[in-house]
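The structure appears right after this line, and notes come after that.
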Amino acid sequence: MANVTLDEVTKIFEDESGEIVAVDDVNIDIKDGEFLVLVGPSGCGKSTTLRMVAGLEKPTRGTISVDGEAVTHLSPQERNVAMVFQSYALYPHMTVRGNMSFGLEEATDLSDEEIHTRVEDAATMLGIDDLLDRKPDELSGGQQQRVALGRAIVREPDAFLLDEPLANLDAKLRSEMRTELQHLQEDLDTTTIYVTHDQTEAMTMSDRIAVLNDGKLQQIGTPLECYHRPNNQFVAGFIGEPSMNFLPVTLEDGRLVGEHFEYPLREETRANLGDQTDLVLGIRPEDIEILDAASGDHEFPGIVDVVEPMGNENTVHVAFEGQDRTESELTATISGMRNVEGAESIGVGIPENAIHIFDGETGESLHNRDLGDVEGDRPLRGAEAA
Amino acid sequence: MSSESTYRRVASKLTFSYEDWTYRKLLVYTIAFTLVIIFLFPLVVAIVTSFKTRTAVTGTLPFVPVFPWQDGFTLAQWGQAFDVLQGGLVNSFLRAIPATTITAVLGSLTAYAITQIDWRGQIAVLLLLVSATFFPTQAAIVPLARFWTVYVPLEDHLGILWGLPLLEPYHGDLIALIISDIAYGIPVVTVLFRGYYQTINQELVEAAKIDGANIFRIYQRIILPISVPMFAVVFIFHFTQVWNSFLFPLIIMSGSGHPAAPATLVLGGLGQSLEGINYGLRMAGALLTALPTVVVFILAGDKFAKGITGGGTA
Numbered sequence: 057m058a059n060v061t062l063d064e065v066t067k068i069f070e071d072e073s074g075e076i077v078a079v080d081d082v083n084i085d086i087k088d089g090e091f092l093v094l095v096g097p098s099g100c101g102k103s104t105t106l107r108m109v110a111g112l113e114k115p116t117r118g119t120i121s122v123d124g125e126a127v128t129h130l131s132p133q134e135r136n137v138a139m140v141f142q143s144y145a146l147y148p149h150m151t152v153r154g155n156m157s158f159g160l161e162e163a164t165d166l167s168d169e170e171i172h173t174r175v176e177d178a179a180t181m182l183g184i185d186d187l188l189d190r191k192p193d194e195l196s197g198g199q200q201q202r203v204a205l206g207r208a209i210v211r212e213p214d215a216f217l218l219d220e221p222l223a224n225l226d227a228k229l230r231s232e233m234r235t236e237l238q239h240l241q242e243d244l245d246t247t248t249i250y251v252t253h254d255q256t257e258a259m260t261m262s263d264r265i266a267v268l269n270d271g272k273l274q275q276i277g278t279p280l281e282c283y284h285r286p287n288n289q290f291v292a293g294f295i296g297e298p299s300m301n302f303l304p305v306t307l308e309d310g311r312l313v314g315e316h317f318e319y320p321l322r323e324e325t326r327a328n329l330g331d332q333t334d335l336v337l338g339i340r341p342e343d344i345e346i347l348d349a350a351s352g353d354h355e356f357p358g359i360v361d362v363v364e365p366m367g368n369e370n371t372v373h374v375a376f377e378g379q380d381r382t383e384s385e386l387t388a389t390i391s392g393m394r395n396v397e398g399a400e401s402i403g404v405g406i407p408e409n410a411i412h413i414f415d416g417e418t419g420e421s422l423h424n425r426d427l428g429d430v431e432g433d434r435p436l437r438g439a440e441a442a
Numbered sequence: 005m006s007s008e009s010t011y012r013r014v015a016s017k018l019t020f021s022y023e024d025w026t027y028r029k030l031l032v033y034t035i036a037f038t039l040v041i042i043f044l045f046p047l048v049v050a051i052v053t054s055f056k057t058r059t060a061v062t063g064t065l066p067f068v069p070v071f072p073w074q075d076g077f078t079l080a081q082w083g084q085a086f087d088v089l090q091g092g093l094v095n096s097f098l099r100a101i102p103a104t105t106i107t108a109v110l111g112s113l114t115a116y117a118i119t120q121i122d123w124r125g126q127i128a129v130l131l132l133l134v135s136a137t138f139f140p141t142q143a144a145i146v147p148l149a150r151f152w153t154v155y156v157p158l159e160d161h162l163g164i165l166w167g168l169p170l171l172e173p174y175h176g177d178l179i180a181l182i183i184s185d186i187a188y189g190i191p192v193v194t195v196l197f198r199g200y201y202q203t204i205n206q207e208l209v210e211a212a213k214i215d216g217a218n219i220f221r222i223y224q225r226i227i228l229p230i231s232v233p234m235f236a237v238v239f240i241f242h243f244t245q246v247w248n249s250f251l252f253p254l255i256i257m258s259g260s261g262h263p264a265a266p267a268t269l270v271l272g273g274l275g276q277s278l279e280g281i282n283y284g285l286r287m288a289g290a291l292l293t294a295l296p297t298v299v300v301f302i303l304a305g306d307k308f309a310k311g312i313t314g315g316g317t318a
């Protein structure tokens, strides 16, 4: 167990067409026992970051340290980390037992007996103790996944590095493993860096999320911090499913003017915006109110385009009045028990305490939603106003 | 009426395509059988001839078999061929087994170094190896002969070895031959292994690195075990190559009379005498000499197929 620090880490790949900056000046401080999820779209540099921590890639610049000790120039063999690969990378010619004891045989001086005990213990913990004498190709995807985890656990490493470990599982198994991984990490209390492109995994499993895009760290914070107080439009759009709605607007006389609507702002909201007039209005689907008709300042007449029933909730695509229905700009989620039909005329409510406003050029967040309407008297974990 | 004409049109199309299909099949089978006959004909003639007496060879058509109950059938030529080739076959095994094994191991190691380890100059080494696979054997014979006779006469250099039991000074030429076979085999074997190692899941090697294994241990515990199908391919391929090769033994050893001469070299002088050529004996000798490569293929055949199709890759 250890804390892991990435200090101004940069990785540049060179090929015939020039330089590609895969990871750009990333600073992350991972506390001992913390579960950090690196999330971002494919090609954002998250796997490269993980591979640098593992020692499989050398950073072009910057320092990686474990417990304050620089490991940047150590080979993977010299670092006490364990990694789970997306393909699991189980040794095909070895049994499950062989796979799990390989690391202990190579990296430690443990006696055969100790190795045996550790492997048995880890296998029991993961429920694969009856598979120990099978070869990987005789196992199902979920079982292989457990073996890959077991191989990491027996090492008792400073840190677990997991590279999209659930990507090859089917949806049901994936959500089961998600919960199980969380339990496991809590029990073992080992520092974990987990790479995924799936924001649901990031939200549900992590202590903190680090959002990467184009090799740059966009935000690092608790899941709810990233959800409610995004640093910029990218984070706002990436975290949350369905994504936040973005409406390009301009600021005119204290109102946000869009193509099909005008949205008056309170004084305190406007104060956050400065001189910037080219803006983007953001609103989460669940914050949009679907009304019978528009009446207030923040309510607009609209037409329902398509309704996607999910059972527990309905996803409703809505167009502003005067807009072609198929160009619907807004996605709203409403209770599954509410009945809305396509082509229905409705009112769309965009409550001001739920809006986010971003700089139209830089995408930087200028105003984030109010958290005053949190239910109950406890603040949202980790999402207190900064 | 229109439905009837549609029916007819469809029916005629169906019948036509059915006939078309049978013609195709007939054509395919004709070509296949023709090829089979063309390929097997020489082999059949060789087998048939090896059982004929000298008079029967001249008295009958080459492909007409003589059965054990007929005149002109004999097994004597097989016995005679075995007597003459015995020593040569032993030499061939002494040559082909170490040459094949060492080439396979070195080729696999080289390919591992080229594909899985980063070092300076590996592209140059790879290019050298690839170009060496195109190097004609004939161009090497003069330098090779001079190298082993003038510059590195192993018989003199390895003098101490000849005192050991079972080793004779003439084995120096056999060792020279083995080394030449290895040197000549490494490029193509490396290229074969390289193709295989490039298909190995890279994460397997990375996982082993993180598990703490160094490059030698990764080779020994991961790469070597999963290369078994490729070893079968290389073993069959190179064993056949070495076993059948004639040029290298011819220039390194003085001729078929050399005590360390492999079977292919001995075969050259078999069945030749003042009375003319004994074709039956020559055929028996040739078949006898070809037998081990067939056996190797049968023994390693399933692994060979696996290696060829790239199966067994993790």
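Here the protein sequences line up with chains A and B, keeping their order. Just so you know, we're using the numbering used here here: the first sequence kicks off at 57 and counts up by one. Just so you know, we're using the numbering used here here: the second sequence kicks off at 5 and counts up by one. Think of the CB as a built atom: it goes at the ideal place given N, C-alpha and C, for glycine as much as any other residue.
Any C-beta of chain A under 8 Å from that of Ala318 of chain B: Position 314 of the second sequence, counted from the start, is the residue given in the question as residue 318 of chain B. Because Ala318 of chain B carries a pLDDT of 38, less than 50, the predicted location of this residue cannot be relied on, and the following value inherits that uncertainty. Interface residue, yes.
Cβ-Cβ separation, Phe294 of chain A to Gln241 of chain A (assumed contact under 8 Å), whole Å: Taking the first sequence and counting its residues from 1, one reaches residue 241 of chain A at position 185. Taking the first sequence and counting its residues from 1, one reaches residue 294 of chain A at position 238. Actually they are not in contact, since the Cβ atoms of Gln241 of chain A and Phe294 of chain A sit about 23 Å apart, beyond 8 Å.
Residues of the stretch 106-123 of chain B with Cβ closer than 9 Å to any Cβ of chain A, in chain order: none
Endpoints, the beta strand (DSSP E) within which Val122 of chain A is located: Reading the first sequence from its first residue, position 66 is the one you call residue 122 of chain A. Looking at the DSSP string, the run of the beta strand (DSSP E) that includes Val122 of chain A is 117-122.
Spatially closest choice to Thr297 of chain B from B:Ala265, B:Ile240, B:Pro266, B:Ala288, by CA coordinates: For the purposes of this step, residue 297 of chain B is taken as the residue at position 293 of the second sequence. Nearest option by C-alpha distance: B:Ile240.
Residues near Gln379 of chain A in its chain [Cβ-Cβ closer than 6 Å; skip 5 each side]: Against the first sequence, residue 379 of chain A aligns to sequence position 323. Here the set comprises His316.
Buried or exposed by the 16-neighbour rule on C-beta atoms within 10 Å, applied to Glu385 of chain A: Within the first sequence, residue 385 of chain A is the residue found at index 329, counting from 1. So Glu385 of chain A counts as buried.
Those residues which DSSP pairs with Phe356 of chain A across a bridge: As a working note, residue 356 of chain A is residue 300 in the first sequence. BP columns for Phe356 of chain A point to A:Val404.
Opening and closing residue of the alpha helix (DSSP H) in which Gly74 of chain A lies: Position 18 of the first sequence, counting from 1, holds the residue named residue 74 of chain A. Where Gly74 of chain A is concerned, there is no enclosing alpha helix (DSSP H), although the beta strand (DSSP E) it sits in stretches over 74-86.
Extent of the continuous alpha helix (DSSP H) run through Asn155 of chain A: For the purposes of this step, residue 155 of chain A is taken as the residue at position 99 of the first sequence. Where Asn155 of chain A is concerned, the enclosing alpha helix (DSSP H) stretches over 152-163.
Inter-stretch contact (C-beta, 8 Å, three-pair minimum) for the stretch 283-297 of chain B and the stretch 51-61 of chain B: Three or more pairs of CB atoms, one per stretch, sit closer than 8 Å, so the stretch 283-297 of chain B contacts the stretch 51-61 of chain B.
Chain B contact for Val137 of chain A (CB, 8 Å cutoff): Numbered from 1 along the first sequence, position 81 holds the residue referred to as residue 137 of chain A. By this cut-off, Val137 of chain A is an interface position.
Cross-chain neighbours of Ser143 of chain A in chain B, by beta carbon under 8 Å: For the purposes of this step, residue 143 of chain A is identified with residue 87 of the first sequence, where counting begins at 1. Result: Asn205, Glu207.
Min CB distance Val236 of chain B to chain A below 8 Å: Sequence index remark: in the second sequence, residue 236 of chain B carries index 232 (1-based). Residue identity differs from the one stated: residue 236 of chain B is Ala in this sequence, not Val. Chain A contact via Cβ: absent.
Chain A contact residues for Lys213 of chain B, given Cβ-Cβ distances below 8 Å: As a working mapping, residue 213 of chain B is identified with position 209 in the second sequence. Simply Gly111, Leu112, Ser131, Pro132, Gln133.
Delimiting residues of the alpha helix (DSSP H) encompassing Val109 of chain A: Translated into the one-based positions of the first sequence, residue 109 of chain A becomes position 53. Unbroken alpha helix (DSSP H) run through Val109 of chain A: 102-110.
Rounded straight-line distance, which links the Cα of Ala309 of chain B to that of Thr317 of chain B: Walking along the second sequence from the start, residue 317 of chain B turns up at place 313. Walking along the second sequence from the start, residue 309 of chain B turns up at place 305. Only weak support is given to the placement of Thr317 of chain B: the predicted model assigns it a pLDDT of 42, under 50, and the value that follows is read from those uncertain coordinates. Straight-line spacing of the CA atoms in Thr317 of chain B and Ala309 of chain B works out to 13 Å.
Contact list for the stretch 159-188 of chain A against chain B, Cβ threshold 9 Å: Gly159, Leu160, Glu161, Glu162, Ala163, Thr164
Interface flag, Pro148 of chain A vs chain B, CB-CB below 8 Å: On the first sequence, position 92 is the one that residue 148 of chain A refers to. Yes, its Cβ sits closer than 8 Å to a Cβ of chain B.
Per-residue DSSP class, three states only, for His262 of chain B: Sequence index remark: in the second sequence, residue 262 of chain B carries index 258 (1-based). When DSSP states are grouped into helix, strand and coil, His262 of chain B belongs to the coil group.
Residue ranges of each alpha helix (DSSP H) within the stretch 166-235 of chain B, 4 or longer: 175-202, 206-214, 219-222
At least 3 beta-carbon pairs within less than 8 Å: the stretch 221-230 of chain A vs the stretch 57-71 of chain A: no
Inter-residue spacing [alpha-carbon to alpha-carbon] between Arg211 of chain A and Val60 of chain A: Along the first sequence, read from residue 1 onward, the residue named residue 211 of chain A stands at position 155. Along the first sequence, read from residue 1 onward, the residue named residue 60 of chain A stands at position 4. Cα to Cα, the separation comes out at about 17 Å.
Unbroken beta strand (DSSP E) run spanning Phe138 of chain B, endpoints: Looking up residue 138 of chain B in the second sequence gives position 134. Looking at the DSSP string, Phe138 of chain B is not in any beta strand (DSSP E), and its letter there is neither H nor E.
Beta strand (DSSP E) segment containing Ile265 of chain A, residue limits: Along the first sequence, one-based indexing puts residue 265 of chain A at 209. Run containing Ile265 of chain A: 264-269, per the beta strand (DSSP E) assignment.
Closer than 7 Å: Met366 of chain A CB and nearest the ligand NAP heavy atom: Among the components of this structure there are no ligands whatsoever, and the ligand NAP is therefore not found.
Contact belief for Leu92 of chain A with Thr248 of chain A at Cβ below 8 Å, rounded distance in angstroms: The residue given as residue 92 of chain A occupies position 36 in the first sequence. The residue given as residue 248 of chain A occupies position 192 in the first sequence. Going by Cβ atoms, the distance from Leu92 of chain A to Thr248 of chain A rounds to 7 Å, so yes, they are a contact pair.
Close Cβ partners of Ala264 of chain B (< 7 Å) along its chain, the five nearest in sequence each way excluded: Here residue 264 of chain B refers to the residue found at position 260 when the second sequence is read from its first residue. Same-chain partners within the cutoff: Asn95, Tyr174, His175, Asp177, Leu178, Met257.
Exposure label - Trp73 of chain B; buried when at least 16 CB within 10 Å: The count along the second sequence starts at 1 and reaches residue 73 of chain B at position 69. Exposed.
C-alpha distance - Ile76 of chain A paired with Met156 of chain A, whole-angstrom precision: Taking the first residue of the first sequence as position 1, residue 76 of chain A is located at position 20. Taking the first residue of the first sequence as position 1, residue 156 of chain A is located at position 100. Cα to Cα, the separation comes out at about 37 Å.
Straight-line gap, Val146 of chain B to Trp82 of chain B (C-alpha atoms, nearest Å): Within the second sequence, the letter at position 142 stands for residue 146 of chain B. Within the second sequence, the letter at position 78 stands for residue 82 of chain B. Answer to the nearest angstrom: the Cα atoms are 36 Å apart.
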